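Before any comments, here is the structure.
2 protein chains.
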Amino acid sequence: MQTERTLVIVGVGLIGGSVAAAARKAMPELRIVGIGRSPQRLQAAVDQGLLDAWHLQAAVGQWSDDAFGLVCLPVDQITAAAKQLLQAGCSTVTDAGSVKEPICSLLQNEARFVGSHPIAGSEQSGFEHACADLFRQRVCVVCGDPNQSPSTARTAAFWRQLGMVVRFMNPAEHDRVLARTSHLPHMLASVAAACVSDSELEFTGTGFRDTTRIAAGSAEIWSSILLQNRAGCLNAIAAAGDLLDQFRQAIETGNSQRLTEIWNTAATRRRRLDQTQT
Amino acid sequence: MQTERTLVIVGVGLIGGSVAAAARKAMPELRIVGIGRSPQRLQAAVDQGLLDAWHLQAAVGQWSDDAFGLVCLPVDQITAAAKQLLQAGCSTVTDAGSVKEPICSLLQNEARFVGSHPIAGSEQSGFEHACADLFRQRVCVVCGDPNQSPSTARTAAFWRQLGMVVRFMNPAEHDRVLARTSHLPHMLASVAAACVSDSELEFTGTGFRDTTRIAAGSAEIWSSILLQNRAGCLNAIAAAGDLLDQFRQAIETGNSQRLTEIWNTAATRRRRLDQTQT
């Protein structure tokens, strides 16, 4: 397995910082360079031991051709930053965005760019919360075919070195699946939170707390993700609307058997998740 | 404050068992009697130190008039069990059900019955998971006016002795509020879980896991709760459908500003919960 020599990370927040921490642990010889907008923040990440050096995004410089580039920015900023890294000479560039289709199509002529989505995160932000084990045994989607593209194979190897399980998918398939596994749950959590008024908050229990936790995420990051996965989100919303309507009908008609069936379909699926992940 | 001498609990599962554990801790002199259907289970709860004695539900016996009765059964079994405790001589009887209107209206001529809802729980079941601190600093809704009804005042005092914060509400108001703070989130969690196929489960992250946790609850218990709070649930479903439609419209029209507003309304509310409870 190829071990990287230089890793260039654009965006040293929770994800970028955690990649740095995980890469430092897995590949002690690796030189890690951070790129961002705030000299103070970047220097603090150096001081914390996450980075070896930093550059401002406005002055990325030129990289030797073995550098592996990773963009950890909000989805609407990924394409421009990836192009910048490619121009600066990185031999392979990938990203960590939650949406893949719009990014991969804008960069489809760049054989050195590979879309990635490490499915790991936290509602926290900032490299101060970086965690070297954030990616361990989690799934990372890598777009493309490792047998056809050396960049895809190299990207997959990188994530595997951080302990991730790699699954190959095309960008459209990724966005369709993630609409249901991530983007819809975020919207439903947001809906659940919005339906309770401030004065009613004291009548919530741990169930409400868990179900709505991800609704506290950043509006900028999430509206950007939802808008970049328009088709996937609209399909998922339609599916959710149908299921909500099934609840309505069963409750309206007092159909206990039907309600139990609807509940059990979801409960069985959810219990399977506990069985597979623990 | 009056300290109870005898507590009779019908249904010694997670909630009944936790009340026994909490009451044992708060009122060491209290005699705790469990009523249920399985001699083996009831004896095991005695052996675990939760109960002092037990009776089968078919042979409840007769209680001295200072006994305080508590029904911890699924909502569709509460009314019958409460009547049984009243006939058996308990001087005050309350319950722990998640729905209040149907139960309180069937028992409205019983001045000794008071509806309660301790808002605390877990997705686990069985007295083996009983926790003496389950109720500490959590809210308990008690129906009625403590200044008008000695039974209401006594019930409130009981929950306070377990460390709960008591709020008085009428049954209809309780059901309307809990439809949004609890019953709707359970349905939305169920919808989120049902929208993901088994083969897609590996592409879920911790967000999906948290949002759908309560979807794994018991179908019998939850279909019974939803059907007993028909009006509240139908209103809450309509409100959720409207919000989901706002997401759809903003995404369909690519309205980033509107999407950010929708998100922020919910996010602000959810963050307030963290501020008030931690």
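Protein sequences appear in the order of chains A and B.
Residues 1 to 278 (full-length UniProt numbering) make up the first sequence, in order.
Residues 1 to 278 (full-length UniProt numbering) make up the second sequence, in order.
Even for Gly, the Cβ is constructed at its ideal location relative to N, Cα and C.
Treat the numbers as computed from the prediction; the structure is a model and nothing was measured.
- Message: Quick check: A/Glu-114 and A/Val-142, are their CB atoms within less than 8 Å of each other?
- Response: The residue asked about is misnamed: residue 114 of chain A is Val in this sequence, not Glu. The answer is yes: Cβ separation under 8 Å.
- Task: For A/Phe-158, I'd like the list of residues in its chain whose CB is within less than 7 Å of its CB, leaving aside the five on either flank, ordered along the chain.
- Result: Glu-4, Phe-68
- Message: Could you check whether the Cβ of A/Ser-18 sits closer than 8 Å to any Cβ belonging to chain B?
- Response: no
- Item | Residues of its chain near A/Pro-171, where Cβ-Cβ distance is below 8 Å and the 5 sequence neighbours each way are ignored | Lys-100, Glu-101, Ile-103, Cys-104, Ser-105, Gly-115, Cys-143
- Message: Between the region 265 to 275 of chain A and the region 250 to 257 of chain A, can you find at least three pairs of beta-carbon atoms closer than 8 Å?
- Response: no
- Cβ of A/Val-71 within 8 Å of Cβ of A/Gly-11? yes
- Query: Taking the alpha-carbon positions, what's the B/Met-1 to B/Val-46 distance?
  - Reply: Only weak support exists for where B/Met-1 lies, its pLDDT of 48 falling under 50; the coordinates are left without a value.
- Item | Alpha carbon of A/Ala-238 to alpha carbon of B/Phe-203, nearest angstrom | 20 Å
- Message: For a cutoff of 8 Å on Cβ pairs, would you count A/Ala-266 as touching chain B?
- Response: yes
- From which residue to which residue does the alpha helix (DSSP H) around A/Gly-16 run? 14 to 26
- Message: Can you confirm whether B/Pro-185, when its beta carbon is compared against all beta carbons of chain A, has any partner nearer than 8 Å?
- Response: yes
- Query: Which word fits B/Gly-61, buried or exposed, when buried means at least 16 other C-beta atoms lie within 10 angstroms of its C-beta?
  - Reply: exposed
- Query: When Cβ atoms are compared, which residues of the region 232 to 250 of chain A fall closer than 7 Å to chain B?
  - Reply: Cys-233, Leu-234, Ala-236, Ile-237, Ala-239, Ala-240, Gly-241, Leu-243, Leu-244, Phe-247, Arg-248
- At 7 Å on the CB atoms, spell out the chain B contacts of A/Arg-112, in chain order. Residues of chain B passing the Cβ test: none, with the nearest at roughly 26 Å.
- In the DSSP assignment, what residue or residues form a beta bridge with A/Cys-195? DSSP output for A/Cys-195 lists no bridge partner at all.
- Task: Using the DSSP secondary-structure output, state which residues sit across from A/Phe-208 in a beta bridge.
- Result: BP columns for A/Phe-208 are empty, so no partner.
- Message: What does DSSP give as the partner residue(s) for A/Met-169 in the beta ladder?
- Response: A/Cys-143
- State the DSSP-derived secondary structure class of B/Val-75, mapped to helix, strand or coil. helix
- Task: Quick one: list the residues of chain B neighbouring A/Ala-120, beta-carbon separation under 9 Å, in chain order.
- Result: Gly-205, Thr-206
- Message: The alpha helix (DSSP H) that contains A/Val-46, what's its start and end?
- Response: 39 to 47
- Message: Which residues of the region 50 to 62 of chain A have a Cβ closer than 7 Å to any Cβ of chain B? Give them in chain order.
- Response: none
- Message: Is the beta carbon of B/Ala-20 closer than 8 Å to that of B/Ile-9?
- Response: yes
- Query: What residues in its chain sit with their C-beta under 8 Å from that of A/Arg-31, if we drop five residues either side in the sequence?
  - Reply: Arg-5, Thr-6, Leu-7, Asp-52, Ala-53
- Would you call B/Gly-49 buried or exposed, if buried means 16 or more other Cβ atoms sit within 10 Å of its Cβ? exposed
- B/Ser-182 touches chain A at which residues, Cβ-Cβ below 9 Å? Phe-203, Thr-204, Gly-205, Gly-207, Phe-208
- Task: Output yes if chain A places a C-beta closer than 8 Å to the C-beta of B/Ile-214; else output no.
- Result: yes
- Query: Ordered along the chain, which non-local residues of its own chain (more than five positions away) have a Cβ less than 8 Å from that of B/Ser-224?
  - Reply: Pro-74, Val-75, Asp-76
- Item | A/Met-169 versus A/Gly-17 - alpha carbon distance | 26 Å
- Spatial distance of B/Cys-90 from B/Arg-230 (CA atoms): 31 Å
- Item | For A/Phe-68, the three-state DSSP class (helix, strand or coil) | strand
- Considering only the beta carbon of each residue, do B/Ile-214 and B/Ala-236 sit closer than 8 Å? no
- Less than 8 Å separating the beta-carbons of A/Ala-82 and A/Leu-56? no
- Can you list the alpha helix (DSSP H) stretches of 4 or more residues lying completely in the region 221 to 277 of chain B, in chain order? 230 to 252, 256 to 277
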